[in-house]
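Remarks on the structure that follows.
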Amino acid sequence: MLDFDLAELYGVETSQLKRAVRRNISRFDGEDFMFELTKEEISRYQIGTLNGGRGSNFKYLPFAFTELGVAMLSSVLRSETAIEINRGIMRAFVTIRQMIANNSPIKRLSTLEKNFNELK
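According to our numbering, the sequence shown is numbered sequentially starting from 116.
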């Protein structure tokens with residue numbers, strides 16, 4: 116997703132989002148979190164004339180965020196929406212960890228796979 120779309124989703128200004136990312140750039144290290152679009156990629160969105168509306172004309176090259184980057188944004192932004200999303204992510208990780216730690220279907224599948232390999 117592009118930075119201006121995420122800014123709207125998280126309830127912040129695009130400039131605030133970019134500033135938060137730049138201040139925490141080590142959290143977004145690697146292209147598996149985010150990358151900056153090139154002028155060539157931007158030209159696909161702009162067809163010769165200026166378009167009206169937010170995000171239609173780019174003064175600065177936008178950031179494109181991956182799924183990991185979208186999740187990481189929730190930890191560096193200070194809007195209520197970002198805080199709620201971050202809480203949800205933390206709860207999901209804890210739930211998944213608890214499922215794996217307990218005698219869950221994942222553990223049973225692992226045992227079945229081991230037994231199958233032994234029979235093979």
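We put the CB at the ideal spot given by N, CA and C, even for glycine. Given the structure is predicted, the values throughout are model-derived calculations rather than measurements.
query	result
Using a Cβ cut-off of 8 Å (strictly closer), state whether Asp120 contacts chain D.	Among the chains in the structure shown there is no chain D, since it carries only a single protein chain.
Buried or exposed: which applies to Tyr175, given that a residue is buried once 16 or more other Cβ atoms fall within 10 Å of its Cβ?	exposed
So does the stretch 138-153 actually touch the stretch 200-218, counting three or more Cβ pairs closer than 8 Å?	no
Can you tell me whether Gly145 is buried or exposed? The criterion is at least 16 other CB atoms within 10 Å of its CB, across all chains shown.	exposed
Does DSSP classify Leu117 as helix, strand or coil?	strand
Need the endpoints of the alpha helix (DSSP H) that Phe208 sits in, please.	195-216
Residues in its own chain within less than 7 Å of Gly184 by CB, not counting five upstream and five downstream?	Phe143, Phe148, Met149
Looking at the unbroken alpha helix (DSSP H) that takes in Glu182, where does it start and where does it end?	182-191
Assuming Glu156 is part of the alpha helix (DSSP H), what are its boundary residues?	154-158
Let me check understanding here. Comparing Cα to Cα, which of Phe119, Ile140, Lys154, Glu123 lies closest to Glu191?	Reading off the sequence shown, one finds Val at residue 191, where the question assumed Glu. It is Ile140 whose Cα lies nearest to the Cα of Val191.
Do three or more CB pairs link the stretch 188-206 to the stretch 123-140 at distances below 8 Å?	yes
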